[in-house]
Each structure stands twice: as structure tokens, then as C-alpha cells.
Amino acid sequence: MVSSTVFQSPRFSFSSATKSTAKPITTTTAAVHFPIRACSSTEAAGSIKTHHRRPADENIRDEARRQSSGNHHGFSAVYVPFNADPSSTESYSLDEIVYRSRSGGLLDVSHDLDALKKYDGQYWRSLFDSRVGKTTWPYGSGVWSKKEWVLPEIDSDDIVSAFEGNSNLFWAERFGKQFLGMNDLWVKHCGISHTGSFKDLGMTVLVSQVNRLRKMNRPVVGVGCASTGDTSAALSAYCAAAGIPSIVFLPANRISIAQLVQPIANGAFVLSLDTDFDGCMQLIREVTAELPIYLANSLNSLRLEGQKTAAIEILQQFDWEVPDWVIVPGGNLGNIYAFYKGFHMCKELGLVDRIPRLVCAQAANANPLYLHYKSGWGEFKPVKANTTFASAIQIGDPVSIDRAVYALKNSDGIVEEATEEELMDATAKADSTGMFICPHTGVALTALFKLRESGVIRPTDRTVVVSTAHGLKFTQSKIDYHSKDIPDIACRFANPPVQVKADFGSVMDVLKKYLLSRDPRC
Ligand SMILES: Cc1ncc(COP(=O)(O)O)c(C=O)c1O
Ligand SMILES: N[C@@H](CCOP(=O)(O)O)C(=O)O
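So for the sequence shown, the working numbering puts the first residue at -9; every next one is plus one.
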């Protein structure tokens, strides 16, 4: 007999290749200068075997410092107004503390592409491939393995990293076949990461730059963010690792316990505010304009430099073949632009010859981008975001709206939405095939279901769904679903535990019934 009371049972503790003519970049691996040329990854791996272990009293940061060859290649980046008129000359050093352009618009980190183009696509592919899976500082990180494209001028010694990135690209074989008739469906597990979400990719870059600014005696006493949970978790962890004070503004009672406890445990100064995320965002912007607190939300374009590496990684994991679709759940809308930027840079610099079509997926309860798209990109109107199980994207007035629109227009993109029932059903279906995804990934999967049903995405299209956070951060939503404890939602795929008397006969009866129901011959 199935009963929701079994969730109190102690057994179910639910209740609680062309060679470049330019001089090669010298990168350090284990103990020697390792000139990376346009070589295959096998060649690179072969060289590693000859390396000696570093001296016992030296750590990997010391080793990188000793071997540092500096940035002799002239790679550089500056802030420029986002989507600026080509005639604009406005730009700022990344060592300035600036989040907005003179006209109040967004900024973008602009790389010296001419310098990067001195090396061809094969060169960059080989360089990036040669760094995967190593422990060399800082290239062991999936973000810093692309350092020349991220923050080319930062000293490796200033980098704060947990060797984030290099996340699993999972072939969703059974889910794709059973529910979607798809053969080439993949999930990029960005949530399998240091603090359990893709925010680590951006935060390693932002906190590293803050570390550099503080060493330069710039007025940065702490770093602050507004958060629906994941940004604050990443910020507090990276700041704690570097000994930098972090301050987080959280909307009271709107984030999961697992997310709340992360900044608390990492020693952040946590303000729980009686407002929603948009209210917190407004407050942190006002506060960072007055106090020496550096803004860590994705309004700060530094973050997106790290996040864009997930797109590069996807290409790399497909051996530099381009997928047809990439689906990303969207809230404050920095990430969809970060993906666009990563793909676009790879095309611009000759690593690939096209970019995938992007889909941004929103919860119907917090869908300002979807409404904007449906209006034919008319006038953008923020909304009051309602409660959603996808709580990290409960955002009504996204700061990166202009970036998202740009990314979608330039990738022949689509915006979809998911109701609460759709996103929870999609999550349960995915989990039933061995995943354990967060509700935001459920939003992205719902978009995929809809685009498959309408025939826009074809059965053979290579499709990547970006999973943005670890499912373990959102267990309460799964408990509610599998308890069938959600008003107005049928919870059709719930799988509650069965309460059964602790005697052999009762257990056998239940098991026989179950096995019969599962026997394909019956
Ligand atoms: C788990 C999760 N998924 C998706 C998003 C959306 O990312 P973005 O705000 O960059 O659109 C966020 C944060 O907003 C998040 O925390
Ligand atoms: N989901 C985010 C919301 C803030 O987004 P950000 O990318 O602008 O920091 C969070 O986890 O706080």
C-alpha cells in the first residue's frame, strides 16, 4: 500500500592541425617549460611522461611562480560598452572598478582578437586539449585552461581556483530514447562543481581579479552579491579560500536550505532580506555604489568570461564538432550570453565553423524574457516573479536582458517556458532514468519536450541541455513531488516508498506484485 506517511519512516529519511607561424606560447606543465605548438593531444600527453616531480617543499602555485614566463604574447582585454557602436572609443582597464558604461548601459569584456588571431584554430584547440585533466596551476581548471581567452593579463599567482569546470557531458541515452525518440541527447552537468552550480565558473574569475585589485591596494574591502542561492554559495566559497570578506543579500524564505547553509558555513556576512531577488539586486547595486564592496553579480561582465568557458568545453568534449542545439535555463540572463560568447569566440578564432542554435528556457512563473520574445522583441517589460520550484530563476527584472536578446538574435535562438507541473514532471522523468537534476534543468528539459513535439528539434539533432545546479541542492522539491504533496499538480511520475509490515509474507507479497508489474513477458 502506498502512503505519503512513509516519508516519516526512518528507512526513508525524506522528512527531513595547421602550424601557426607565430611564436608558440610557453605553458608550464609539471616541471619544465613546455612549448605548446600545433600538436595532437597524444603528443602533448607523451611529453608529460618525461617530467620530473617538483621539489618536495614546493607547491603547485610556487612551481607556477618559478616557471612563469609572463604574458609575453601581448594578449589583453578591456571593458567596453556592450554592443557598442563601432565608432565608440570608450573603454576601461579591467583593473578599474566599473560596472556600467558612461550612458548607464552594460559592459562587455573585449579581447584583443587580432593578437589572439596570430594563432590559428588548430593551435588553440591543441593548446586547450593539452591542458585537460592535469594538475598544473592554474590550467587544471576548466576555466583557467583557457586563460588567454579569459583574463590574459592576470598573474597566475593571483588566481583563486578550485579547479572548477571540466564538468561531465553526459549522454542521456535512456532519457533521450524513451521520452523523446532522440539518439544524440546530452546533458552538460555544470552543477557537478565545487559549490554545486555553474556559478563557480564565473566566480573564480571575479574573485581572482578582486585578489589582484586588493594586492594593488585598490579600495575593495569585501565582495557582495544579491542571490537566489547559487551565486552566494560560489562567492562565499571563493572568497573564503582567498581570505576576502564576502557579503550576501538573500531573499528571506525563497532559497533552499542547502543553498542558505553554504554562505553561512563559508563565513560570509549573510543578510536575509524581506524582499524578492529583484529587491535584493536593487539594494546591492545601491550599496556597492556607496561602500568599498565589489559587485559580484553577473551585471559585472567579468563573471561571464568564466562562464563562457562551458561553451568552449562542450565543443572540446565533442572533439570540436558543433552541436545543433544548446538549451540553457535563464533567470538574470547572464549565462545565455556567456554561452553565446564562448561559441562565438570559437568561431571567430577558427576553432569551429559555426555556432549552435541557442534556446533559453524560463519558468512560466518568472518569464519576462519569454514574454518579450513572444511580443516579437517589442518593448521589454519586467514582471513580478512568482514562486517557482525553479527558485534560482525566480527573477522578474533580469539585469542582462540586453545581452540575452543579443545572444538569441545572433544564434537564431528560441525562448520557451515551463509551467510548474511541466518542469516537475520533466525533472521526475529525467531522474527516473538515472539523473538527479535540479528544477532549473527541468525547465530546460521542458523546452526540449516542446520543441521536439513541434518538430523544431529533430530526432537526430545533436542537442545539449545545460544542467545548471546539482539536484542535491533541491531535494525538498523532489520530496514534495514524490509525496504527491503539491496543490494542483498531479505528480504523475511520483515514486513514493511503499509502507509494508516487517514480516516475510508481507514483503514477499509486495515484491511478487512488483516483479509481475515489471515483467515484460506479462
Ligand atoms: C541553478 C540556476 N540555473 C539557472 C540560473 C540562470 O542563470 P542566469 O541568471 O545567468 O540566467 C541560475 C541563476 O540565475 C541558477 O542559479
Ligand atoms: N541564480 C542567481 C541569481 C543571480 O544571478 P547572477 O548570475 O547575476 O549572480 C543566484 O544564484 O543568485
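Just so it is clear, CB atoms sit at the ideal spot from N, CA and C, and this is done for glycine as well.
Practice task
Following the continuous alpha helix (DSSP H) through Arg393, name the residue where it begins and the one where it ends.
Solution key: Its alpha helix (DSSP H) spans residues Ile391 to Lys399.
Handout entry: Straight-line Cα distance separating Glu80 from Gly560
Key = A query on residue 560 cannot be resolved here, the shown segment of the chain reaching from -9 to 512 and no further.
Problem - Buried versus exposed call for Val490 [16 or more other C-beta atoms within 10 Å across all chains shown] - result: Looking at its Cβ environment, which holds fewer than 16 other Cβ atoms inside 10 Å, Val490 is exposed.
Practice task
Output yes or no for whether 8 angstroms exceeds the beta carbon distance between Ala351 and Phe329.
Solution key: The beta carbons of Ala351 and Phe329 sit no closer together than 8 angstroms.
Problem - Residues near Ser262 in its chain [Cβ-Cβ closer than 6 angstroms; skip 5 each side] - result: Leu240 and Ala242, listed in sequence order.
Exercise for the section: Flag His184 as yes when its Cβ comes closer than 7 angstroms to any non-hydrogen atom of ligand 1, and as no otherwise. Expected result: If you check the C-beta of His184 against ligand 1, you find no heavy atom less than 7 angstroms away.
Exercise for the section: Check whether the segment 181 to 191 touches the segment 210 to 230, taking contact to mean three or more Cβ pairs, one atom from each stretch, closer than 8 angstroms. Expected result: Yes, since at least three Cβ pairs between the segment 181 to 191 and the segment 210 to 230 fall closer than 8 angstroms, the two stretches touch.
Exercise for the section: Could you tell me the distance, in whole angstroms, from the CA atom of Ala28 to the CA atom of Lys108? Expected result: The pLDDT assigned to Ala28 is 37, lower than 50, so where the model puts this residue is not dependable; a value taken from the coordinates is nonetheless given after this. Here the alpha carbons of Lys108 and Ala28 stand approximately 13 angstroms from one another.
Problem - Closest Cα partner of Tyr396 within the set Lys364, Phe153, Leu348 and Arg452 - result: Residue Leu348 is the option with its Cα nearest to Tyr396.
Practice task
Using three-state DSSP, classify Asp470 as helix, strand or coil.
Solution key: Helix, per DSSP.
Practice task
Could you work out which residue in Val195, Asn290 and Asp147 is closest to Arg90 when comparing CA atoms only?
Solution key: Of the candidates Val195, Asn290 and Asp147, Asn290 places its Cα closest to the Cα of Arg90.
Exercise for the section: May I ask you to verify whether the segment 218 to 225 touches the segment 131 to 144, counting CB pairs closer than 8 angstroms and requiring at least 3? Expected result: With a cut-off of 8 angstroms, the segment 131 to 144 and the segment 218 to 225 do not count as touching, because too few Cβ pairs lie within range.
Practice task
Counting only the same chain and skipping the five closest in sequence on each side, list residues whose C-beta sits under 7 angstroms from that of Asp402.
Solution key: Shown here for Asp402: same chain residues with a beta carbon closer than 7 angstroms to its own, the five before and five after excluded, namely Arg347 in chain order.
Handout entry: His101 vs Ala67 beta-carbon contact at 8 angstroms
Key = In terms of Cβ geometry, His101 and Ala67 form a close pair [threshold 8 angstroms].
Handout entry: Bridge partner(s) assigned by DSSP for Gly212
Key = Per DSSP, Ile283.
Exercise for the section: Determine the contact status of Leu413 and Ala380, defining contact as a CB-CB distance below 8 angstroms. Expected result: Their beta carbons are under 8 angstroms apart, which means Leu413 touches Ala380 by this criterion.
Practice task
Compute the distance between the beta-carbons of Val389 and Ser288, then report whether it is under 8 angstroms.
Solution key: Going by C-beta atoms, Val389 is nearer than 8 angstroms to Ser288.
Handout entry: Within 8 angstroms, strictly: CB atoms of Ser157 and His179
Key = Yes, the Cβ-Cβ distance between Ser157 and His179 is below 8 angstroms.
Handout entry: Cut-off 6 angstroms between Cβ atoms - residues of its own chain near Met(-9), not counting five sequence neighbours on either side
Key = Note that Met(-9) scores 29 on pLDDT, short of 50, meaning its location in the model is unreliable and no value can be drawn from it.
Practice task
Compute the minimum distance between the beta carbon of Cys428 and the heavy atoms of ligand 1, and state whether it is under 7 angstroms.
Solution key: Result yes, Cβ under 7 angstroms from ligand 1.
Exercise for the section: Go through the segment 94 to 162 residue by residue and report every complete run of the beta strand (DSSP E) that reaches 3 residues or more, in order. Expected result: Complete beta strand (DSSP E) runs here, min 3: 97 to 101 and 159 to 161.
Exercise for the section: Report yes or no: do three or more beta-carbon pairs, one from the segment 354 to 369 and one from the segment 420 to 429, lie closer than 8 angstroms? Expected result: Flag = no, the segment 354 to 369 and the segment 420 to 429 do not touch.
Exercise for the section: Could you spell out the range, first to last residue, of the beta strand (DSSP E) harbouring Thr436? Expected result: That residue, Thr436, is in no beta strand (DSSP E); its alpha helix (DSSP H) goes Pro429 to Glu443.
Problem - Beta bridge counterpart(s) of Glu407 as assigned by DSSP - result: Per DSSP, Gln352.
Problem - Own chain partners of Gly324 with C-beta closer than 6 angstroms, once the 5 adjacent residues on each side are dropped - result: These residues qualify, in order along the chain: Ser288, Leu294 and Ser390.
Handout entry: Given Ile479 as reference, the closest of Glu411, Phe494 and His460 once Cα atoms are compared
Key = Of Glu411, Phe494 and His460, the residue nearest in Cα terms is Glu411.
Problem - Pair within 8 angstroms by beta-carbon distance, Phe267 and Ala216 - result: It is a contact, given that the beta carbons lie within the stated cut-off.
Practice task
Would you identify the three-state DSSP class for Ser77, choosing helix, strand or coil?
Solution key: Coil.
Practice task
Take every Cβ of the segment 460 to 467, pair it with every Cβ of the segment 244 to 257, and state whether three or more of those distances are shorter than 8 angstroms.
Solution key: Yes, since at least three Cβ pairs between the segment 460 to 467 and the segment 244 to 257 fall closer than 8 angstroms, the two stretches touch.
Handout entry: Whole-angstrom distance between Leu97 and Asp104, CA atom to CA atom
Key = Straight-line Cα distance between these residues: approximately 20 angstroms.
Problem - Extent of the continuous alpha helix (DSSP H) to which Ile538 belongs - result: Residue 538 cannot be examined here, being either before or after the span of the chain that is shown, -9 to 512.
Practice task
Decide if Glu33 is buried, meaning its Cβ has at least 16 other Cβ atoms within 10 Å, or exposed.
Solution key: Residue placement at Glu33 cannot be trusted, given a pLDDT of 34 that sits under 50; the coordinates are not used to answer.
Handout entry: Which residues DSSP lists as bridging Tyr69, in chain order
Key = The beta-bridge partner set that DSSP reports for Tyr69 consists of Tyr82 and Val99.
Handout entry: Under the three-state DSSP convention, the category Leu339 falls into
Key = Coil.
Exercise for the section: Would you list the one or two residues that DSSP bridges to Val238? Expected result: By DSSP's assignment, Val238 forms a beta bridge with Cys215 and Val260.
Problem - Own chain residues within Cβ distance below 8 angstroms of Leu203, not counting five before or after - result: Correct list, in chain order: Asp85, Ile87, Val210 and Tyr284.
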